[in-house]
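In the numbering used here, the protein residues as written are 4 to 245.
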């Protein structure tokens, strides 16, 4: 896989760089560059990120950071079985519980919501930081919805973090999930209120809460480009009549 000239490998996190020090220098540099490409592409080009993760995995499969990156690349491509295997490998290497919520979400992706709920009640959850615990709550609520338990999903999301007025990195997604669950349960008025609260907290546009809120308010959006093309087509049609 080609590596752009502007990628040096120095862009990776210092903890990952430290992990790579166990490798020969040239090999470590190659692995680092591929990990940079995974991080760079995973949102906009998940297939490309997956390809780079496979290269890194081939070069350094015994490095936990590489297994984790491969897991996230597979997850982004909905290869949940593969992602789960990589996350489990990374966890065995480090003993870290940070990947527990995304591992549970992989179980959901594999059609095993009951397993995800079992993981939500496991002792590992108590070892997660606040962000990880909120993420686990989101996964558990999703599992409840997978099982058709809408009311239980709503109750699962009701928490001090949801009720708090302070805005944290997870606030918008938590409020959005709650609004979406309310809407699925037919509680449209409450859903509108929580979509509005999600918009207030969504400072980086991580959700489409504003679009969902506008939809509930009956606002319709038109693509200006499509509208311009339609007018152009109409003008050409008038010219043909002449």
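All residues carry an ideal CB built from backbone N, CA and C; glycine is no exception.
Fair warning: this is a prediction, and the values are worked out from it, not measured in the lab.
Annotation for residue 37: the continuous alpha helix (DSSP H) segment containing it runs 28-44. In the three-state reduction of the DSSP assignment, residue 197 falls in the helix class, which pools H, G and I.
Taking every protein chain shown into account, the CB of residue 37 has 16 or more other CB atoms within 10 angstroms, so this residue is buried.
Taking one beta carbon from each stretch, the segment 118-127 and the segment 145-154 have 3 or more pairs nearer than 8 angstroms; the two touch. The alpha carbon of residue 44 has as its nearest neighbour, out of 152, 163, 10, 136, the alpha carbon of 10. With contacts defined by Cβ atoms closer than 9 angstroms, residue 67 and residue 96 form a contacting pair.
Where residue 162 is concerned, there is no enclosing alpha helix (DSSP H), because DSSP gives it neither an H nor an E. Taking the CA atoms as reference points, residue 72 sits about 15 angstroms from residue 109. Beta-carbon to beta-carbon, residue 184 and residue 201 are separated by about 12 angstroms, too far to satisfy the 8 angstroms threshold.
Per the C-alpha coordinates, the member of 219, 174, 189 positioned closest to residue 208 is 174.
When DSSP states are grouped into helix, strand and coil, residue 152 belongs to the coil group. Fully contained in the segment 40-77 are the following alpha helix (DSSP H) runs of length 4 or more, in chain order: 49-62. With fewer than 16 other beta carbons inside 10 angstroms of its own, residue 171 counts as exposed.
Taking C-beta separations shorter than 6 angstroms and ignoring five residues to either side along the sequence, the partners of residue 187 in its chain run 153, following chain order. With 16 or more other CB atoms across the displayed protein chains lying within 10 angstroms of its CB, residue 56 is buried. For residue 211, the closest alpha carbon among the candidates 176, 220, 79 is that of 176. The C-beta of residue 58 has 16 or more other C-beta atoms within 10 Å across all chains shown, which makes the residue buried. In the structure shown, residue 102 adopts coil according to DSSP, grouped into three states.
In the structure shown, the three-state DSSP call for residue 190 is coil.
According to the DSSP assignment, residue 118 belongs to the alpha helix (DSSP H) that extends over 116-123. Residue 219 carries a helical assignment under DSSP once its states are collapsed to helix, strand and coil. Each of 30, 112, 21 was checked against the Cα of residue 86, and the nearest Cα belongs to 112. Going by beta carbons, residue 35 and residue 23 fall inside the 9 angstroms limit.
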